[in-house]
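In our numbering, the protein residues as written are 395 to 632.
Structure follows, in structure tokens:
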């Protein structure tokens, strides 16, 4: 048996007093710190909720401007505010997507690349936002003539419903680069993966048919499903 088991109440009390004398101050500090941290956590959480609500309001203003066809600079001011002041929110990521789209429309591909790389820096790895940013970045790089960098992204693969879109984009980049045989294989992969719909189906099918030898055209489906590359609204995939 341990000696402690033979201690009398007085001995145990004395031991407790000595322990408190030696450790009481640090314990008290720890308790105060724990209480402060608990209060701090609640305060931080409330602040984060308020921060998110403010970001949501700005994002809704951005969407309203887009829906009414407001000038790009008016929409951009809301996007810039989200990126500069609410960088850690999903709303900021979608604001960067918006600015990248404006840049592409104005043929400012380096600026589009900058915005998409910003999204990749802030989005969770493997999230829908990250995969969409990679997909669009690859297209921007391909359009800029940076074929190998674009293919390195696309051939890295994507999970789930983005896989077919990556393959279709790979086909587009290869076709632009004049690598028709490789482009045909990429389009065939996109068709095999499925999960696509809308006008992209006709686009992929037409491109594939244009690359197929005439003898096998009759075996090519007219329509294939395509992945929707539209931006996810905040809260999806994050």
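Ideal placement from N, C-alpha and C gives every residue a C-beta, glycine not left out.
Which of helix, strand or coil does DSSP assign to residue i?
i           : result
residue 570 : helix
residue 528 : helix
residue 485 : helix
residue 429 : Confidence at residue 429 is low in this model, with a pLDDT of 48, below 50, so the placement of that residue should be treated as unreliable; the coordinate-derived value is given next. Three-state DSSP puts residue 429 in a helix.
residue 539 : coil
residue 504 : helix
residue 473 : helix
residue 464 : coil
residue 561 : helix
residue 633 : Any question about residue 633 goes unanswered here, given that the chain covers just 395 to 632.
residue 519 : coil
residue 480 : coil
residue 551 : coil
residue 499 : helix
Below 6 Å CB to CB, which residues in the same chain sit around residue i once its five sequence neighbours on both sides are set aside?
i           : result
residue 492 : 473
residue 543 : 535
residue 538 : 503
residue 498 : 506
Rounded to a whole number of angstroms, what is the C-alpha to C-alpha distance between residue i and residue j?
i           : j           : result
residue 520 : residue 556 : 11 Å
residue 466 : residue 496 : 7 Å
residue 588 : residue 478 : 38 Å
residue 503 : residue 460 : 21 Å
residue 526 : residue 597 : 20 Å
residue 500 : residue 470 : 13 Å
residue 703 : residue 508 : Nothing can be reported for residue 703: it is not among the residues displayed for the chain, which extend from 395 to 632.
residue 581 : residue 565 : 5 Å
residue 574 : residue 554 : 26 Å
residue 599 : residue 586 : 12 Å
residue 511 : residue 606 : 36 Å
residue 558 : residue 515 : 24 Å
residue 458 : residue 464 : 9 Å
residue 444 : residue 462 : 28 Å
residue 604 : residue 451 : 47 Å
Compute the distance between the beta-carbons of residue i and residue j, then report whether it is under 8 Å.
i           : j           : result
residue 517 : residue 506 : no
residue 545 : residue 578 : no
residue 561 : residue 594 : no
residue 532 : residue 548 : yes
residue 487 : residue 513 : yes
residue 480 : residue 524 : no
residue 446 : residue 483 : yes
CB-CB under 8 Å to residue i, same chain, minus the five flanking residues each way: which ones, in chain order?
i           : result
residue 453 : 472, 476, 485, 488, 489, 628
residue 552 : 525, 528, 529, 559, 560
Closer than 7 Å by C-beta to residue i: which residues in its own chain qualify, once you throw out the five before and the five after it? Chain order, please.
i           : result
residue 563 : 529, 532, 533, 548
residue 568 : 576, 577, 580
residue 550 : none
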